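Asks: Encoded as structure tokens, here's the structure I'll be asking about.
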Amino acid sequence: MPKLIKDGSIIENAWTLIAKPEGDVAALEVPAGQVIIPVGTWLAQKEALQARTDIGVWLDSDESADLIGADANRFPVIGVNFPLFMDGRSFSTARLLRERYGFGGELRAVGNFIRDQLCYLRRCGVNAFAFANPDTNLEEAVKSLQDFQEYYQASVDQPLPLFRRRA
């Protein structure tokens, strides 16, 4: 079973990420078990799937957090995809899910992000990291979560800027 980083620890990944099909995402057959499906599949099959508690959704970098909106907290896990490590739109999506929609579950970065981005992803509210590259050294990646101890700016993980935290 593949592993991921969640809340600073390396754990087994019990969830299966279902990729977008080549054709219509609405026609995707959702398998049994703990699955993270494309948001388009959720939107198209919402009535049939809403009784299931073992479904999470994932948003691609060009999909808005508004697609989930008020439904965010019904999911145990939401993934934000990074198709390229240079595509930072999912940082904003993560922050919106936490701040605008109050999502309190597992917010998972998936795709092609890199170790150097973990601290910044955590600051945006991401608490789980599933690397696309299976050769990623997860022990070293966990260490990188401690690269910075103090931040000047406010963020999801620290709503007060440094000057407000100083007496």
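Following the numbering used here, the numbering of the sequence shown begins with 3 at its first residue and continues without gaps.
Note that the Cβ used here is the ideal one computed from N, Cα and C, for glycine as well.
Computed from a predicted structure; not experimentally measured.
Does the distance from the C-beta atom of VAL158 to that of GLY127 stay below 8 Å?
Replies: Contact: yes.
Asks: Ignore the nearest five residues each way along the sequence and tell me which others in PRO136's own chain have a CB closer than 8 Å to its CB.
Replies: Around PRO136: PRO4.
Asks: Below 8 Å on the Cβ atoms is my contact criterion, and I expect PHE115 with LEU109 to pass it. Report the Cβ-Cβ distance as a whole number of Å.
Replies: With a Cβ gap of about 13 Å, PHE115 and LEU109 do not count as contacting.
Asks: Which complete beta strand (DSSP E) runs does the region 103 to 143 hold, if anything under 3 residues is left out?
Replies: Runs of the beta strand (DSSP E) inside the region 103 to 143: 108 to 113, 130 to 133.
Asks: Residues in its own chain within less than 7 Å of ILE13 by CB, not counting five upstream and five downstream?
Replies: For ILE13, where only same-chain residues beyond five positions count, the Cβ hits under 7 Å are LYS5, LEU6.
Asks: Considering only DSSP beta bridges, list what LYS5 is partnered with.
Replies: Answer by DSSP bridge pairing, in chain order: GLU14.
Asks: Under the three-state reduction of DSSP, which class applies to PHE84: helix, strand or coil?
Replies: Reduced to three states, the DSSP call for PHE84 is strand.
Asks: Can you check which of these residues, LEU69, TRP60, ASP9, is closest to ARG102 by C-alpha distance?
Replies: Ranking the options by Cα distance to ARG102, first place goes to LEU69.
Asks: Return the chain-ordered ranges of every beta strand (DSSP E) run that is complete within the region 32 to 85 and spans a minimum of 3 residues.
Replies: Fully enclosed beta strand (DSSP E) runs of 3 or longer: 37 to 40, 57 to 61, 79 to 84.
Asks: Distance, Cα to Cα, LEU45 vs ARG168?
Replies: In a straight line, the C-alpha of LEU45 is about 45 Å away from that of ARG168.
Asks: Under 7 Å Cβ to Cβ from LEU147, same chain only, skipping five residues before and after it: list those, please.
Replies: Contacts found: GLY10, LEU120, CYS121, ARG124.
Asks: Considering only their Cβ atoms, is the gap separating ARG117 from ALA143 smaller than 8 Å?
Replies: In this structure, ARG117 lies closer than 8 Å to ALA143 by Cβ.
Asks: How far does the alpha helix (DSSP H) with LEU98 in it extend, from its first residue to its last?
Replies: Residues 91 to 101.
Asks: Rank TRP17, ALA16, GLY42 by C-alpha distance to the C-alpha of VAL27 and give the top, closest one.
Replies: That would be GLY42, whose Cα lies nearest to the Cα of VAL27.
Asks: Can you say whether PRO40 is buried or exposed, counting buried as having 16 or more other CB atoms within 10 angstroms of its CB?
Replies: By the neighbour-count rule (16 or more Cβ atoms within 10 Å), PRO40 is buried.
Asks: Heavy atom of the ligand MG less than 7 Å from the Cβ of VAL32, yes or no?
Replies: Within the structure as shown, the ligand MG is missing, as the structure has no ligands at all.
Asks: Report the rounded CA-to-CA distance for ALA29 versus ALA130, giving the unit in angstroms.
Replies: Rounded to whole angstroms, ALA29 to ALA130 spans 29 Å at the Cα level.
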